[in-house]
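Chains as they are written, first to last, in our numbering: chain A, 1488 to 1815; chain X, 1488 to 1815. Note that beta-carbon positions come from the ideal geometry of N, C-alpha and C, so glycine has one too.
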DNA sequence: TTGGCTTACGTATACGTTTACGTAAGCCGT
DNA sequence: ACGGCTTACGTAAACGTATACGTAAGCCAA
């Protein structure tokens, strides 16, 4: 590929002048500019970002690490981050870590080798030695839709209070026998806080919590099917379910419908995430909405701000909302 | 950040030796290796890929460009590509182009500046000057789930024959009044061929095609809702619908159900793509399946092969399948 | 005339690696 | 003792760009 040296030769100027013209730095005559531009065009020149980045010691790239689990909202996070990055002339390099985070440390190293300007880690739990590694990194890192200890800033909604609101929303609609489906007791980020929020809402309204109503599971559609089958054979059957994901909620709805129950008349369901499947469910799913696109965009903006101002990133709790449809 | 020069100083060797040790090239004693590794560890060294890439003139990065439209299968393409890339030590840099491709040329330039090893463009229509630009690029480009002229290799399923199969599947299940919902007549890639496949199947089985049965639209859920409302007020109402996307199909199912029709008894629906919503529909959606993860992975492999063997990439038509569920 | 300022360049170095090449030391066989 | 081979290094030159610095030319004021 042609270099500025080739352009310089063809245009009959020095490489410094070519560089100045190409970067709009001024200090050249209009005539020279035309010669250089013409030469560059004719040679099909593309600037070498690696060389430029090496010299300027900045790659203008933001890294993004996500788990390899098939979840629907990742697309929104990517698009949010990428749109913000593109706006500021940054690129986004993305890598998937296995959901258990086994290879996370390696992937972080690869990002460091690429000299990313900053790193976004979405929806992954961090073990201690990864936290240590991150704290030793010379660029900002921000967590999205997850958190660890105080040392790493994060952007997420408040799971406990979102769960409280979801549960209270059901209570306000007259339901008293309310279940929670899907939480994982060993998940300190999206499991335990959601159970706590659920319990707090029930307690506030002096409603009993039947331990049988807590169906531990995953965020999957299948988990929702299992949850509903489980509830179905309960003697003290719940009238409403707060589900920890939209997929799980739809699993519940589909299974309930197949068993002859009507949603929301016989059983109400509220989901979590408000992904695109929520509106496609039948009936359409009422759900807690997480602003994934905004989370991605915000992560990008915070990193760019941090790089340009040299200030540390501050965590941010984003507001959740309840998108009302017809499943409650 | 520390450089190999710093390591060399600390370990008391030359930078060449450090480089050799760090790259496992041999030509050093075990004692030296240990000294170097210890020094590198203690300084928290990360290799500078920009410098290495500049010297070796290879960035070990594959570019991926996708439209910014909210479609569910992009995640699978990304994951397929990224998993294959990671396996071979490549990174993936991703950029979104507006769906109309206005800024596509710029984005391709950015990829060229980053000296990607190859470029994957997914699901975008290419205008002539972009095609020209691509043909002038010094690295391989492969299209995924789209095609242009002969000059650029692509990986996709055969839309015409998939549509033929979908339609024939309905015919084999006894339906005769079959509609097609969602195609766009100006879409030469996913519009016209699907209409043609549909018509060919109908003709083969000597079934009449009522022009009213072709509902032109988009790939969206809303388009499905509109399609069903439209079919509903038709005097010659179809008994089955071939829908150009899963979202559209589910829009049809939801609307039909709300209007009191039963799926598939009163109206059968077959979707296209087999995204994750297909199994979550009620009833679960029978659909043409496109292997998106495999498409991404294959694109990655072809690029890596092309780079390493210096051979051009050949187009490939991937087989589609019909995933049978309960909407037919 | 001289000095100083501005404009429009060119020269040369640095960024951090990789790697071709040189070389000293050690060992072998003759 | 000598040449030749191998091993374990070091030296130095790239890769393509940005940029600090130098400088010649032109202009103006005193």
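Residue i burial status per 10 Å Cβ neighbour count (16 or more: buried)
i	result
residue 1752 of chain X	exposed
residue 1576 of chain A	exposed
residue 1503 of chain X	exposed
residue 1625 of chain X	exposed
residue 1680 of chain X	buried
residue 1813 of chain A	exposed
residue 1563 of chain A	buried
residue 1619 of chain X	exposed
residue 1511 of chain X	exposed
residue 1615 of chain X	exposed
residue 1514 of chain A	exposed
residue 1733 of chain A	buried
residue 1623 of chain X	exposed
residue 1807 of chain A	buried
residue 1437 of chain X	It is not possible to answer for residue 1437 of chain X, since the shown part of chain X is limited to 1488 through 1815.
residue 1798 of chain X	exposed
Residue i versus residue j - alpha carbon distance
i	j	result
residue 1789 of chain X	residue 1554 of chain X	22 Å
residue 1765 of chain A	residue 1492 of chain X	56 Å
residue 1678 of chain X	residue 1658 of chain X	21 Å
residue 1507 of chain X	residue 1516 of chain X	11 Å
residue 1742 of chain X	residue 1668 of chain A	28 Å
residue 1695 of chain A	residue 1722 of chain A	15 Å
residue 1675 of chain A	residue 1565 of chain A	24 Å
residue 1727 of chain A	residue 1771 of chain X	23 Å
residue 1649 of chain X	residue 1632 of chain A	39 Å
residue 1496 of chain A	residue 1518 of chain A	16 Å
residue 1683 of chain A	residue 1731 of chain A	13 Å
residue 1685 of chain A	residue 1661 of chain A	16 Å
residue 1532 of chain A	residue 1629 of chain X	22 Å
residue 1699 of chain A	residue 1709 of chain A	19 Å
residue 1603 of chain A	residue 1530 of chain A	30 Å
residue 1809 of chain X	residue 1761 of chain X	9 Å
residue 1763 of chain X	residue 1568 of chain X	19 Å
residue 1688 of chain X	residue 1673 of chain X	21 Å
residue 1584 of chain X	residue 1644 of chain A	29 Å
residue 1579 of chain X	residue 1580 of chain A	6 Å
residue 1613 of chain X	residue 1635 of chain X	6 Å
residue 1524 of chain A	residue 1505 of chain A	9 Å
residue 1705 of chain X	residue 1543 of chain X	46 Å
residue 1540 of chain X	residue 1545 of chain A	14 Å
residue 1711 of chain X	residue 1655 of chain A	34 Å
residue 1664 of chain X	residue 1725 of chain X	5 Å
Cβ-Cβ distance between residue i and residue j below 9 Å
i	j	result
residue 1735 of chain X	residue 1776 of chain X	no
residue 1757 of chain X	residue 1774 of chain X	yes
residue 1729 of chain A	residue 1746 of chain A	no
residue 1794 of chain A	residue 1605 of chain A	yes
residue 1800 of chain X	residue 1627 of chain X	yes
residue 1494 of chain X	residue 1538 of chain X	no
residue 1598 of chain X	residue 1550 of chain X	yes
residue 1571 of chain X	residue 1791 of chain X	yes
residue 1536 of chain A	residue 1811 of chain X	no
Bounding residues of the beta strand (DSSP E) (the contiguous stretch that carries residue i)
i	result
residue 1727 of chain X	1727-1730
residue 1630 of chain X	1628-1631
residue 1554 of chain A	1548-1554
residue 1776 of chain A	1773-1776
residue 1808 of chain X	1808-1810
residue 1577 of chain A	Looking at the DSSP string, residue 1577 of chain A is not in any beta strand (DSSP E), and its letter there is neither H nor E.
residue 1643 of chain A	1641-1644
residue 1685 of chain A	Taken as a continuous stretch (DSSP letters only), residue 1685 of chain A belongs to no beta strand (DSSP E), being part of the alpha helix (DSSP H) at 1679-1691.
residue 1760 of chain A	1755-1760
residue 1606 of chain X	1605-1609
Endpoints, the alpha helix (DSSP H) within which residue i is located
i	result
residue 1717 of chain A	1708-1719
residue 1587 of chain A	Unbroken run through residue 1587 of chain A: none, as it is neither H nor E.
residue 1672 of chain A	That residue, residue 1672 of chain A, is in no alpha helix (DSSP H); it is neither H nor E in DSSP.
residue 1528 of chain A	1517-1530
residue 1803 of chain A	First-last for residue 1803 of chain A: 1803-1805, but that is the beta strand (DSSP E), not the alpha helix (DSSP H).
residue 1601 of chain X	Residue 1601 of chain X -> no alpha helix (DSSP H), and no H or E assigned at all.
residue 1782 of chain X	1779-1796
Near the ligand HEM: residue i beta-carbon under 8 Å from a heavy atom
i	result
residue 1775 of chain A	The ligand HEM is not among the ligands present in this structure, which contains no ligands whatsoever.
The region 1591-1598 of chain X / the region 1586-1593 of chain A touching (three or more Cβ pairs under 8 Å): Inter-segment contact for the region 1591-1598 of chain X and the region 1586-1593 of chain A is absent: fewer than three beta-carbon pairs are separated by less than 8 Å.
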